[in-house]
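**Q**
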Amino acid sequence: MKKRLKVYFTDFWDTFKLEDNYFLNLIKNAYDVEIDPVNPDFLFYSNFGINHYKYKCVRIYFTGENVRPDFNECDWAFSFDYSDDERNYRFPLYGLFADMNELTKPKDPEKLFLMKSEFCNFIYSNPGPKKRKELFLKLSQYKQVHSAGRYLNNIGGSIGGFEKEKREFISRYKFTFAFENSSYPGYTTEKLLDPLLCGSIPIYWGNKDVCRDFNPKSFINYHDYENDEDFINKIIEYDNVKQLYLEMLAEPAFKNNTINEFVDKRNVLEKLKYIFSCDIVPVAEKSPLFSENKIVSNLWAAGTRLKYNSDLIRNKAALFSIDRVMVKAHKIKEKYFKKD
0 MKKRLKVYFT
10 DFWDTFKLED
20 NYFLNLIKNA
30 YDVEIDPVNP
40 DFLFYSNFGI
50 NHYKYKCVRI
60 YFTGENVRPD
70 FNECDWAFSF
80 DYSDDERNYR
90 FPLYGLFADM
100 NELTKPKDPE
110 KLFLMKSEFC
120 NFIYSNPGPK
130 KRKELFLKLS
140 QYKQVHSAGR
150 YLNNIGGSIG
160 GFEKEKREFI
170 SRYKFTFAFE
180 NSSYPGYTTE
190 KLLDPLLCGS
200 IPIYWGNKDV
210 CRDFNPKSFI
220 NYHDYENDED
230 FINKIIEYDN
240 VKQLYLEMLA
250 EPAFKNNTIN
260 EFVDKRNVLE
270 KLKYIFSCDI
280 VPVAEKSPLF
290 SENKIVSNLW
300 AAGTRLKYNS
310 DLIRNKAALF
320 SIDRVMVKAH
330 KIKEKYFKKD
């Protein structure tokens, strides 16, 4: 008989599914799981809110953002960070976006090549780092790069949809921009995953240690080149020499065609089992929110809400740019001026 486990999930992104998500589906293989919003044994939470402060149980933090875990607020973390701290497990975001076994299946490079009717795509609705725009503009001087997101859109409108629509679009292109929103050791998102799944060669910038995640022979990595020009010249070479292109297309996404240790579900489940077996005093019990003195707890809760809202405003102000205004205008146009 499986051990009973009460869990809950909060402060995740809008499209997160409470009863159908990676962590829940994984632990159901080993436990009899109950979703308990009131009194869970373990709380999974992320960056998009402060509801996790209401819970006194063991807190497990997950982040898809380039931020560090705060072990004054969580007991355990699944993050991008390489760390010797046993409280942190490196679980990059791309692990949530597909069955990793799909990346190990045999592929036919010639067949994939025949599907390519276009040169290169660029799908972003976040202006992100300057490097992304700079390389988009430079590569566009060689051939038109189709921008299909809200940012720098040049195809008459964004493709919309989610993974399915995005991957169908990508599959027609020889190359795909796979530039992260920032560059930090370990920060690897779904940007590389999508083109690798679709048989489109990723052109990558971001995590300088990305080869610990994926086979370096399966994509063109900006960090392998001295400058922008060398990087672009390499893309042009692969565009013009079919044999080189086919050789890269044939390469497995993972080294030795073996799912890496970080996103191997067996390792993730073992870590979760370890977490569930540990008898610890949750960090939440030290929080003033759970003080028996109601004045203290109320003041702390009010201060926390004020700080969270202030941080949101400050972060938005720091990110302000004309590019972001243009993206917002594009979003409004899509919403209120849809084509019939």
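So that you can map any letter, position 212 of the sequence shown is 211 in numbering that gives the first Met the number 0, and since no number is skipped, the others follow by simple counting. For glycine and all other residues, C-beta sits at the position ideal for the given N, C-alpha and C. Fair warning: this is a prediction, and the values are worked out from it, not measured in the lab.
Quick one: what does DSSP say E291 is sitting in, helix, strand or coil?
**A** In the sequence shown, residue 291 corresponds to position 292, counting from 1. Coil, per DSSP.
**Q** Given a threshold of 16 other Cβ atoms within 10 Å of its Cβ, counted over all protein chains shown, does A147 qualify as buried or as exposed?
**A** For the purposes of this step, residue 147 is taken as residue 148 along the sequence shown, with counting starting at 1. Classification of A147: buried, given that the 10 Å Cβ count is 16 or more.
**Q** Closest by CA to P194, which one among Y44, K173, L268 and K142?
**A** Along the sequence shown, one-based indexing puts residue 194 at 195. Among Y44, K173, L268 and K142, the Cα nearest to that of P194 belongs to K173.
**Q** Between the segment 217 to 224 and the segment 234 to 251, can you find at least three pairs of beta-carbon atoms closer than 8 Å?
**A** Because the criterion of three Cβ pairs below 8 Å is met, the segment 234 to 251 and the segment 217 to 224 touch.
**Q** Leaving out five residues before and five after R171 in sequence, what residues of the same chain have Cβ atoms less than 6 Å from its Cβ?
**A** Taking the first residue of the sequence shown as 1, we reach residue 171 at position 172. The answer, listed in chain order, is S116 and E117.
**Q** Alpha carbon to alpha carbon, how far is K293 from T187? Give it in angstroms, no decimals.
**A** Looking up residue 187 in the sequence shown gives position 188. Looking up residue 293 in the sequence shown gives position 294. Approximately 43 Å, taken between the alpha carbons.
**Q** Assuming Y340 and L192 are in contact, meaning their beta carbons sit under 8 Å apart, how far apart are those beta carbons, in whole angstroms?
**A** Because the chain is modelled from 0 through 339, residue 340 falls outside the range shown and cannot be assessed.
**Q** Whose C-beta lies closer than 7 Å to the C-beta of L95 among residues of the same chain, with five residues either side of it excluded?
**A** For the purposes of this step, residue 95 is taken as residue 96 along the sequence shown, with counting starting at 1. Counting only Cβ-Cβ distances below 7 Å, and skipping sequence neighbours, we find Y21.
**Q** Give the list of continuous alpha helix (DSSP H) stretches no shorter than 4 residues that lie fully inside the segment 122 to 179.
**A** Runs of the alpha helix (DSSP H) inside the segment 122 to 179: 129 to 139 and 162 to 169.
**Q** Could you spell out the range, first to last residue, of the beta strand (DSSP E) harbouring I274?
**A** What you label residue 274 is simply residue 275 of the sequence shown in a count that begins at 1. Per DSSP, I274 belongs to no beta strand (DSSP E); it is in the alpha helix (DSSP H), K264 to S276.
**Q** Would you grab the beta carbon distance between Y54 and P39 for me? Rounded to a whole angstrom, and I think it's under 8 Å.
**A** By one-based count along the sequence shown, residue 54 stands at place 55. By one-based count along the sequence shown, residue 39 stands at place 40. With 8 Å as the limit, Y54 and P39 qualify as a contact, their Cβ atoms being about 7 Å apart.
**Q** Distance, Cα to Cα, I235 vs I49?
**A** Numbered from 1 along the sequence shown, position 236 holds the residue referred to as residue 235. Numbered from 1 along the sequence shown, position 50 holds the residue referred to as residue 49. I235 and I49: Cα-Cα distance of roughly 47 Å.
**Q** Just to confirm my understanding: we take G63, look at its own chain, exclude 5 residues before and 5 after, and list those with CB closer than 6 Å. What are they?
**A** Position 64 of the sequence shown holds residue 63. Same-chain partners within the cutoff: L92.
**Q** Cα separation between F213 and K137?
**A** As a first step, residue 213 must be located in the sequence shown, where it is residue number 214. As a first step, residue 137 must be located in the sequence shown, where it is residue number 138. Cα to Cα, the separation comes out at about 26 Å.
**Q** Contact between the segment 68 to 85 and the segment 95 to 109: three or more CB pairs below 8 Å?
**A** Contact fails: fewer than three Cβ-Cβ distances are below 8 Å.
**Q** Closer than 6 Å by C-beta to H145: which residues in its own chain qualify, once you throw out the five before and the five after it? Chain order, please.
**A** Residue numbering aside, residue 145 sits at position 146 when the sequence shown is read from its first letter. Only N120 and I154 meet the Cβ criterion.
**Q** On the CB-based measure, 16 or more other CB atoms within 10 Å of its CB, does C197 come out buried or exposed?
**A** Translated into positions along the sequence shown, residue 197 becomes position 198. With 16 or more other Cβ atoms within 10 Å, it is buried.
**Q** Is there contact between the segment 220 to 228 and the segment 197 to 210, where contact requires at least three CB pairs shorter than 8 Å?
**A** Yes, they touch.
**Q** Looking only at DSSP bridge pairs, what is V6 linked to?
**A** In the sequence shown, the residue the question calls residue 6 occupies position 7. V6 pairs with I34 and F41.
**Q** Which whole-angstrom value describes the C-beta separation of K190 and F178, a residue pair presumed to lie in contact below a C-beta threshold of 8 Å?
**A** As a first step, residue 190 must be located in the sequence shown, where it is residue number 191. As a first step, residue 178 must be located in the sequence shown, where it is residue number 179. Yes, K190 and F178 are in contact; Cβ-Cβ is about 7 Å, under 8 Å.
**Q** For C197, which three-state DSSP category applies?
**A** The residue labelled residue 197 in the question sits at position 198 within the sequence shown. If DSSP states are grouped into helix, strand and coil, C197 belongs with the helices.
**Q** In whole angstroms, what separates the C-alpha of F41 from that of T14?
**A** Here residue 41 is taken as the residue at index 42 of the sequence shown, counted from 1. Here residue 14 is taken as the residue at index 15 of the sequence shown, counted from 1. So the alpha carbons of these two residues sit roughly 21 Å apart.
**Q** Tell me which residue opens and which closes the beta strand (DSSP E) that F61 is part of.
**A** As a working mapping, residue 61 is identified with position 62 in the sequence shown. V57 to F61 is the extent of the beta strand (DSSP E) around F61.
**Q** Could you tell me the alpha carbon to alpha carbon distance between K110 and V209, rounded to whole angstroms?
**A** Here residue 110 refers to the residue found at position 111 of the sequence shown. Here residue 209 refers to the residue found at position 210 of the sequence shown. Approximately 28 Å between the Cα atoms of the pair.
**Q** CB-CB under 8 Å to M114, same chain, minus the five flanking residues each way: which ones, in chain order?
**A** Within the sequence shown, numbered from 1, the residue matching residue 114 stands at position 115. Excluding residues within five positions, the ones whose Cβ falls inside 8 Å are S170, R171 and G198.
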